[in-house]
Amino acid sequence: MASRALAVWRNRRVVGLLVRRDLKVRYQNSILGYAWSMLEPLAMAGVYFFVFGLVFDTDRGVPGGGDAPGGYPLFLISGLLPWLWFAQSLGQAPAALISHSKLITTMRMPREIFPVQAVAAKFVDYLLTWPVLLVFVLALGGRTSAEGLLVWLPLAIAVQLVLSLGMTLLLATVNVLVRDVERFVRILNRVLFYGSAIIIPSALVLESDRFPAWFVALFQFNPLLGIFKMHHAVWYPADAPGPLVLSTSIGGAVLVLAVGYATFRRLETSVLKEL
Amino acid sequence: MGETGQTVIEAEGLGIRFSANRGRRRSLREVLVGARRGPGPRSAFWPVRGASFRIRRGECVGIVGRNGTGKSTLLKLIAGVLIPDEGSVEVHGRVAPLLELRAGFNGRLTGRENIHLVGSLHGMGPGDIQARFDEIVDFADLRGGSVDTPVRHYSSGMKVRLGFALVTRLDHPILLVDEVLAVGDEEFRAKCYAAIDGMLAQGRTMVLVSHSEADLRRFCSRGLYLKDGGLALDDGIDAVLGAYQADRCADPAEHGDAEKGTGGGDRAA
Numbered sequence: 120m121a122s123r124a125l126a127v128w129r130n131r132r133v134v135g136l137l138v139r140r141d142l143k144v145r146y147q148n149s150i151l152g153y154a155w156s157m158l159e160p161l162a163m164a165g166v167y168f169f170v171f172g173l174v175f176d177t178d179r180g181v182p183g184g185g186d187a188p189g190g191y192p193l194f195l196i197s198g199l200l201p202w203l204w205f206a207q208s209l210g211q212a213p214a215a216l217i218s219h220s221k222l223i224t225t226m227r228m229p230r231e232i233f234p235v236q237a238v239a240a241k242f243v244d245y246l247l248t249w250p251v252l253l254v255f256v257l258a259l260g261g262r263t264s265a266e267g268l269l270v271w272l273p274l275a276i277a278v279q280l281v282l283s284l285g286m287t288l289l290l291a292t293v294n295v296l297v298r299d300v301e302r303f304v305r306i307l308n309r310v311l312f313y314g315s316a317i318i319i320p321s322a323l324v325l326e327s328d329r330f331p332a333w334f335v336a337l338f339q340f341n342p343l344l345g346i347f348k349m350h351h352a353v354w355y356p357a358d359a360p361g362p363l364v365l366s367t368s369i370g371g372a373v374l375v376l377a378v379g380y381a382t383f384r385r386l387e388t389s390v391l392k393e394l
Numbered sequence: 219m220g221e222t223g224q225t226v227i228e229a230e231g232l233g234i235r236f237s238a239n240r241g242r243r244r245s246l247r248e249v250l251v252g253a254r255r256g257p258g259p260r261s262a263f264w265p266v267r268g269a270s271f272r273i274r275r276g277e278c279v280g281i282v283g284r285n286g287t288g289k290s291t292l293l294k295l296i297a298g299v300l301i302p303d304e305g306s307v308e309v310h311g312r313v314a315p316l317l318e319l320r321a322g323f324n325g326r327l328t329g330r331e332n333i334h335l336v337g338s339l340h341g342m343g344p345g346d347i348q349a350r351f352d353e354i355v356d357f358a359d360l361r362g363g364s365v366d367t368p369v370r371h372y373s374s375g376m377k378v379r380l381g382f383a384l385v386t387r388l389d390h391p392i393l394l395v396d397e398v399l400a401v402g403d404e405e406f407r408a409k410c411y412a413a414i415d416g417m418l419a420q421g422r423t424m425v426l427v428s429h430s431e432a433d434l435r436r437f438c439s440r441g442l443y444l445k446d447g448g449l450a451l452d453d454g455i456d457a458v459l460g461a462y463q464a465d466r467c468a469d470p471a472e473h474g475d476a477e478k479g480t481g482g483g484d485r486a487a
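So the sequences go chain by chain: A and B.
Per my numbering, the first sequence starts with residue 120, numbered consecutively.
Per my numbering, the second sequence starts with residue 219, numbered consecutively.
What follows is the structure in structure tokens.
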């Protein structure tokens with residue numbers, strides 16, 4: 120595995136080229152392209168604020184109380200932007216190899232480049248959402264802490280990168296051989312969105328007695344729960360994940376990467392024949 | 219380095235197995251049912267098996283054989299874009315692949331952006347691309363500002379010409395060519411021939427897959443004849459083409475068949 124990682128590192132220029140190509144295509148070198156790409160999360164935030172903030176009054180569940188700096192609107196935005204990163208990674212993951220089939224069957228290069236490139240491109244998209252997040256932080260009076268910026272933010276990003284890479288390796292490989300993957304991914308995307316405390320403060324599930332114990336346990340075994348609690352903890356220290364959630368999150372991400380890479384290596388020969 | 223006669227491509231007992239339902243993504247149900255039954259022996263065949271040969275620097279070798287006898291598969295194994303199931307193939311030096319000429323192009327980027335992108339993917343430095351940019355545009359015949367329009371507006375001929383122009387500007391010592399000399403009009407084809415002649419004159423090594431006897435005789439000195447999944451003959455190009463013709467005449471079933479013959483390769487040569 121180390122030698123393959125080294126091979127990808129030696130081809131980092133190619134990864135960079137493909138990432139830059141994706142950005143160029145996505146934003147078409149224009150401010151308007153960027154504005155378009157931000158419209159979706161903003162519209163989503165508006166809708167969820169209406170439904171959950173106003174209609175269902177979720178404010179009472181915001182970590183640190185309803186009058187925590189930033190309130191429910193910042194909680195929404197600070198969850199939705201990294202969620203968008205995850206959802207787009209997951210949505211694109213099945214295509215990571217198939218969409219480059221001509222390149223893969225013509226040019227010899229380590230095939231890991233393509234999943235890595237897909238993950239990197241989505242990560243850059245996420246970094247570009249930060250200006251919008253900061254506007255909301257300023258406008259809503261959000262506050263962070265040293266722990267939030269130095270521990271939870273880098274850890275959230277690192278764990279999410281590991282999970283995205285594992286997921287992309289796995290789905291991209293399987294999708295070349297089996298055709299139901301894309302459909303499955305669409306359903307998974309929806310389930311994980313509501314199942315991962317992105318717009319719902321996790322306390323509403325974890326500290327409620329309305330749910331059976333097995334459900335609460337299952338809820339905590341979702342690696343995304345910890346990742347998004349960390350994203351939220353940057354602005355809401357009260358949302359910092361405990362040891363159980365933190366370990367299922369890190370452990371889950373590492374496990375997905377291990378399974379994804381093993382699948383990729385095992386099926387690489389067949390994938391090349393099918394592309 | 220650089221001495222004629224040095225081996226640059228070395229295949230040893232090379233073989234690859236395809237399953238019969240290749241090229242068709244299965245549904246999850248089929249995969250699960252198939253896994254329980256286990257892969258039947260009928261469902262696999264070897265388009266290439268037990269092929270051993272060496273190609274020396276500066277040689278131009280033509281691969282000859284009927285449709286579906288693994289010519290392109292062999293080329294892809296040499297290019298390193300397929301992994302063999304048996305044996306090995308070693309290639310010393312970078313490969314310029316004239317296999318799928320549109321590989322790497324992005325329809326939404328302009329011709330100019332694509333030249334920089336695909337050139338870099340093939341390992342050209344920014345300086346090289348700058349220096350050869352006009353040459354590439356001239357060769358591809360992208361007149362009247364079309365180099366600054368998105369490639370999705372190009373005709374398929376323009377795309378293929380651009381791909382050919384780019385790959386033939388590479389300095390890589392090994393050239394793999396799959397049936398692409400048949401592209402474009404008379405004038406462009408003449409330019410392609412001249413470009414290949416020029417590269418061969420520089421002492422580069424070429425492996426060519428073609429159905430055109432004229433092309434094979436023009437460029438190649440040596441031929442590899444693939445038959446029934448194995449390497450049947452490795453000899454001078456005239457001898458190889460002679461054997462191929464003799465087999466074609468001897469086997470009347472061959473006449474008029476275009477896509478058949480993919481299943482006949484269970485025997486190792």
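Note that the Cβ used here is the ideal one computed from N, Cα and C, for glycine as well.
Can you give me the Cβ contacts of residue i inside the same chain, cut-off strictly under 6 Å, excluding the 5 residues immediately before and after it?
{"i": "Arg235/B", "result": "Ala262, Trp264 and Asp303"}
{"i": "Ser338/B", "result": "none"}
{"i": "Thr480/B", "result": "Confidence is the limiting factor: at Thr480/B the pLDDT is only 40, short of 50, which leaves the residue's position unreliable and the question unanswerable from this model."}
{"i": "Arg422/B", "result": "Pro391 and Leu393"}
{"i": "Phe351/B", "result": "none"}
{"i": "Ser208/A", "result": "Lys241 and Ser283"}
{"i": "Leu380/B", "result": "Ala358"}
{"i": "Ile317/A", "result": "Gly198, Trp202 and Phe347"}
Can you pull the chain A neighbours of residue i, defined as C-beta to C-beta under 8 Å?
{"i": "Leu327/B", "result": "Arg140, Lys143 and Val144"}
{"i": "Ser338/B", "result": "Arg132, Val133 and Leu136"}
Indicate the three-state DSSP secondary structure (helix, strand or coil) for residue i in the structure shown.
{"i": "Ala486/B", "result": "Only weak support is given to the placement of Ala486/B: the predicted model assigns it a pLDDT of 34, under 50, and the value that follows is read from those uncertain coordinates. Ala486/B: coil per DSSP, three-state reduction."}
{"i": "Glu405/B", "result": "helix"}
{"i": "Glu308/B", "result": "strand"}
{"i": "Pro315/B", "result": "strand"}
{"i": "Tyr153/A", "result": "helix"}
{"i": "Arg329/A", "result": "coil"}
{"i": "Arg267/B", "result": "strand"}
{"i": "Asp433/B", "result": "helix"}
{"i": "Arg236/B", "result": "Per the sequence shown, residue 236/B should be read as Phe rather than Arg. In this structure, Phe236/B counts as strand in the three-state DSSP scheme."}
{"i": "Val243/A", "result": "helix"}
{"i": "Ala476/B", "result": "Bear in mind that the predicted position of Ala476/B carries a pLDDT of just 41, short of 50, making it too unreliable to give a figure here."}
{"i": "Cys278/B", "result": "strand"}
{"i": "Ile347/B", "result": "helix"}
Find the nearest neighbour of residue i within the set the options, judged by alpha-carbon distance.
{"i": "Gly325/B", "options": "Ala164/A, Arg129/A and Gln147/A", "result": "Gln147/A"}
{"i": "Pro250/A", "options": "His219/A, Met349/A, Leu200/A and Ala212/A", "result": "Leu200/A"}
{"i": "Tyr380/A", "options": "Pro160/A, Pro234/A, Lys221/A and Gly165/A", "result": "Pro234/A"}
{"i": "Lys241/A", "options": "Leu142/A, Lys392/A, Ser368/A and Arg302/A", "result": "Leu142/A"}
{"i": "Ile455/B", "options": "Glu405/B, Asp469/B and Ala432/B", "result": "Ala432/B"}
{"i": "Arg312/B", "options": "Leu394/B, Gln420/B, Cys467/B and Asp465/B", "result": "Leu394/B"}
{"i": "Asp452/B", "options": "Ala461/B, Gly460/B, Leu459/B and Leu442/B", "result": "Leu442/B"}
{"i": "Ser327/A", "options": "Val375/A, Phe338/A and Gln207/A", "result": "Phe338/A"}
{"i": "Thr248/A", "options": "Phe347/A, Val127/A, Tyr153/A and Asp358/A", "result": "Tyr153/A"}
{"i": "His334/B", "options": "Val133/A, Glu393/A and Phe255/A", "result": "Val133/A"}
{"i": "Glu266/A", "options": "Phe205/A, Arg305/A and Ala275/A", "result": "Ala275/A"}
{"i": "Leu317/B", "options": "Gly460/B, Leu418/B, Met342/B and Val425/B", "result": "Val425/B"}
{"i": "Phe303/A", "options": "Ala212/A, Met120/A, Val254/A and Leu125/A", "result": "Ala212/A"}
{"i": "Trp271/A", "options": "Ala352/A, Leu386/A and Gly260/A", "result": "Ala352/A"}
{"i": "Val170/A", "options": "Gly210/A, Leu195/A and Ser156/A", "result": "Leu195/A"}
{"i": "Gly305/B", "options": "Arg243/B, Leu232/B and Gly381/B", "result": "Leu232/B"}
{"i": "Arg247/B", "options": "Leu343/A, Ala277/A, Pro342/A and Asp299/A", "result": "Asp299/A"}
Can you find the residues in the same chain that come closer than 8 Å, C-beta to C-beta, to residue i, ignoring five residues on each side of it along the sequence?
{"i": "Asp178/A", "result": "Gly172, Gly185, Gly190 and Tyr191"}
{"i": "Asn130/A", "result": "Met228, Pro229 and Ile232"}
{"i": "Val138/A", "result": "Gln236, Ala239, Ala240 and Val243"}
Can you pull the chain A neighbours of residue i, defined as C-beta to C-beta under 7 Å?
{"i": "Phe236/B", "result": "Lys392"}
{"i": "Leu335/B", "result": "Leu136 and Arg140"}
If the cut is a Cβ gap below 9 Å, which residues of chain B does residue i touch?
{"i": "Asn224/A", "result": "A quick correction: the sequence has Thr, not Asn, at residue 224/A. Result: Lys294, Ala297, Val299, Leu300, Leu317, Glu318 and Ala321."}
Since I believe residue j is in contact with residue i (beta carbons under 8 Å), could you give me their beta-carbon distance rounded to a whole number of angstroms?
{"i": "Trp354/A", "j": "Thr263/A", "result": "6 Å"}
{"i": "Arg267/B", "j": "Gly447/B", "result": "5 Å"}
{"i": "Glu301/A", "j": "Asn308/A", "result": "So it is not a contact: roughly 11 Å between Cβ atoms."}
{"i": "Val378/B", "j": "Leu319/B", "result": "5 Å"}
{"i": "Gly285/A", "j": "Leu376/A", "result": "3 Å"}
{"i": "Arg272/B", "j": "Gln224/B", "result": "Wrong, their Cβ atoms sit about 10 Å apart, outside the cutoff."}
For residue i, return the contacting residues in chain B, with the cut-off set at a CB-CB distance below 8 Å.
{"i": "Lys221/A", "result": "Glu318, Arg320, Ala321 and Gly322"}
{"i": "Val297/A", "result": "Arg243, Arg244, Ser245, Leu246 and Val249"}
{"i": "Glu387/A", "result": "Ile301"}
For residue i, go through chain A and note every residue whose CB falls closer than 9 Å to its CB, in chain order.
{"i": "Val313/B", "result": "Met226 and Arg227"}
Got a sec? Which residues, its chain only, sit under 7 Å from residue i by beta carbon, not counting five neighbours each side?
{"i": "Arg330/B", "result": "Val365 and Asp366"}
{"i": "Lys289/B", "result": "Ile281, Gly283, Val427 and Leu444"}
{"i": "Gly373/A", "result": "Residue identity differs from the one stated: residue 373/A is Val in this sequence, not Gly. Around Val373/A: Val281."}
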